[in-house]
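In my numbering, the protein residues as written are 82 to 1046.
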């Protein structure tokens, strides 16, 4: 009989609308695993009302199999019924001890001693766990009756080596209604506290999809998350209460749930008139405001008594700053409840008063807009001016609100079409491509072709429809006439399109036009053949040095006169990347000039820093690239969606090469999620390809495959950059799985394309050559390898030279030319030693050691393989580590794995330190090898000595030798 048959209480069915909480569910299942092993566990689920404690418990309990479930709860109306909760427990388990069977009837006085009843509960749990593990869930413990809580405390304190998982669900583990003993137990070391916070924006997206009919956009989900703080109760209520178009419009205010509004208004009704005026004034002014400003608006000369009353009703909160006292709301829903209860006339009047009181121009404009009951041409112009200033400053989200509102308030005509184009630009940069597409479609058919095609071409570009984008942007450029601002915007978009096509010199040329304000020729620009070599048309010496003040020349002019601010903010990085793809890295580095640290940089300088970081990555200056990109990551949250994606993904690529794989994996996931959440289809293949690197090398096949499939799904046939990224990711995953035919199939189509010949962008040729050698296709391997070798040597790309020399060594070995093969392996290691790329060096040593072992030189092979093993073990590159262990075993060396020393209590890091020290390295040498400080190595070594009960390196060598035998 299944253990769930012991459950006689009400069955918990799974909530079809349950989302998120994967971490918390994993913790609960892990604690159940402990209980199954005879290590009892007490978990405290705590969080405010509506946060989803009961739903999480229900989801967990409904998934349990082969365990006895006891499910009880307290209710506010039954808090005074003695043993009401334990009465539920007794009804669910049979037979029960006498002390539980004889509990008083509801309403009768408590006659049983809680300690006696607690002993009976302990006896019951002991009986039940003999058949199966027991899970006991106590929901609403704060409303449980006192005798039941005292009895449960007695029982829970005595669980040790029992097969029992107890889950206590409370709002606060130190709630005053709980008995002192239970509070100490729940907050002590014996309990695992699991506080619940709100759902994430992504969780709310999933919830909206389940509730239907429309899945929220990422921005709408983030707005709902901020508004409700992710509380599932409130989020679900608004998803069911608010119209879909209001939920989707991120610039429209959200109300509070009806039930919550009733509670807030009841509390407001208990306040006297001054406090009501203070709360109302604060609600109109926004989420926070200085006390003196709120008091002036509420016409209160002495606001403190009113504030004290409002705070007592939990309607307002105060805090002190250097500028004085400020007011706000306990959460956004309180403000929404008060604000939306105001009548239209009252609300309008208060906004007019606020517009006269506030000093900030943007806030004053917000109040004027909220009070507007008819179209005012001057107001519309002011809204557009503010939106353009926000665009010039790179504040895309704010710009979207102003510009889209200006579009809504402007009559059809050229000015509205122009505003639409500007709003489309802001929406795309803010990561709202669907909204941008909807708005771009509203440009009049008879509009100026430069404006219409610029808007439509920009949308097509971000959507990954590259051919369509180039065609429309070309048409826009040919009609841009004498408009430098519009021409700069078109040129900047064309530069990004050329990068995706793999035309580096063309990209640099277009970016130079955007930066210098060059106007189109009288004749329309005709499409030129693809080029990528250093001598082709483009930026070259004519390209201007980046101005230290930042900002396009055209953009600065636009900000001054309120005109069109062009380019999407990536013209500088596009110029530098274009030069890099054209094989002119040194020219690009010189062009970038001196740049400040990201925290002090302008928008234009941040763009240049991104370009310089990528050039440094391609030039093997990994430390410099890491400094640039890590600094950018700290400030990228306020940047455009493509900027955020490129920073996170390029940083991940840099960290992967540096051997900082945990950080690389995290930043790659950030880049991939940015691509998915913010609709960056044009860059999604690159982001997902980079996100494949770490899981592929670590043998996490399913996760790596997920990213490869996502990269392929976003990969357009006209997007050369996406084709290269995706094929390389597929090939690297196949290589890690030793599936060389799949790697060849993925990469061979690239040999037929007209791609950039910059070695750093053509590293895929070395992967292809390796796979062709292993497949026995030696002539094809030679053909793939030679162009890469020649250009890498000419341009001194050390990383490519190392990979190419390793591939060349494999080719020599396959041709039975051992002397040449060994020489090539040594050249590969020499190049690798000049840059810090641990994984690539380990792979070269693995291949070299394998070659030496097959030549019968087992001692020399073991030296290379042991060096590779240390790095591969540290990185967690399991597929390669397994190959290395096999080769070491074939070389006659005992293989000591982390799981071997784990039996002695050593952590993986301690294992690596112990192995290095046992091989004769000094502490300083081991620190250098592991990229740690000497003190960290000494710290690990002292722990190793303590755990192994030894005091010397000699003893350490002996203990590890014993394990390896």
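All C-beta atoms, glycine included, are put in the ideal place defined by N, C-alpha and C.
All values derive from a computational prediction rather than experimental measurement.
Three-state secondary structure assigned by DSSP to residue i
i, result
"residue 402", "strand"
"residue 125", "strand"
"residue 409", "strand"
"residue 100", "coil"
"residue 132", "coil"
"residue 276", "strand"
"residue 439", "coil"
"residue 529", "coil"
"residue 218", "strand"
"residue 381", "coil"
"residue 916", "coil"
"residue 501", "helix"
"residue 116", "helix"
"residue 247", "strand"
"residue 900", "helix"
"residue 835", "coil"
"residue 164", "coil"
"residue 559", "helix"
"residue 800", "coil"
"residue 965", "helix"
"residue 350", "helix"
"residue 60", "Residue coverage of the chain in this structure runs from 82 to 1046, which leaves residue 60 outside it and unanswerable."
"residue 1034", "helix"
"residue 1003", "coil"
Delimiting residues of the beta strand (DSSP E) encompassing residue i
i, result
"residue 253", "Here residue 253 belongs to no beta strand (DSSP E), and DSSP marks it neither H nor E."
"residue 153", "149-154"
Proximity to residue i [Cα-Cα], best of the options
i, options, result
"residue 290", "99, 478, 137", "99"
"residue 196", "925, 909, 235, 863", "235"
"residue 900", "932, 927, 922", "932"
"residue 813", "801, 1021, 777", "777"
"residue 656", "592, 718, 719", "592"
"residue 750", "775, 346, 740", "775"
"residue 148", "240, 200, 244, 203", "244"
"residue 567", "547, 578, 552, 596", "596"
"residue 528", "497, 515, 672", "497"
"residue 1036", "946, 1017, 765, 1000", "1000"
"residue 464", "474, 878, 454, 481", "481"
"residue 269", "214, 355, 123", "123"
"residue 374", "331, 1026, 431, 942", "431"
"residue 204", "240, 194, 169, 218", "240"
Presumed contact (8 Å Cβ cut-off) between residue i and residue j, rounded CB distance
i, j, result
"residue 905", "residue 893", "6 Å"
"residue 490", "residue 456", "5 Å"
"residue 722", "residue 511", "7 Å"
"residue 752", "residue 545", "At roughly 16 Å, the Cβ-Cβ gap does not stay under 8 Å, so residue 752 and residue 545 are not in contact."
"residue 867", "residue 891", "Going by Cβ atoms, the distance from residue 867 to residue 891 rounds to 15 Å, so no, they are not a contact pair."
"residue 420", "residue 364", "4 Å"
"residue 233", "residue 199", "7 Å"
Delimiting residues of the alpha helix (DSSP H) encompassing residue i
i, result
"residue 1018", "1015-1029"
"residue 370", "Segment 369-371 is the beta strand (DSSP E) holding residue 370; no alpha helix (DSSP H) there."
"residue 585", "585-597"
"residue 481", "477-490"
"residue 870", "859-876"
"residue 775", "762-778"
"residue 848", "845-855"
"residue 793", "782-794"
"residue 197", "195-209"
"residue 716", "703-716"
Residue i: CB within 6 Å of a non-hydrogen atom of the ligand PLP
i, result
"residue 708", "Although the ligand PLP was asked about, the structure shown includes no ligands whatsoever."
Any 3 or more C-beta pairs closer than 8 Å across the stretch 752-764 and the stretch 525-539: no
The stretch 163-182 touching the stretch 221-231, judged by at least three CB pairs closer than 8 Å: yes
The stretch 709-722 contacting the stretch 674-687, beta-carbon criterion three pairs below 8 Å: yes
Cβ pair count under 8 Å reaching 3, the stretch 203-221 against the stretch 244-259: yes
Inter-stretch contact at 8 Å, needing at least 3 Cβ pairs: the stretch 873-884 / the stretch 910-928: yes
Inter-stretch contact (C-beta, 8 Å, three-pair minimum) for the stretch 555-574 and the stretch 783-793: no
Three or more C-beta pairs below 8 Å linking the stretch 331-348 and the stretch 374-386: no
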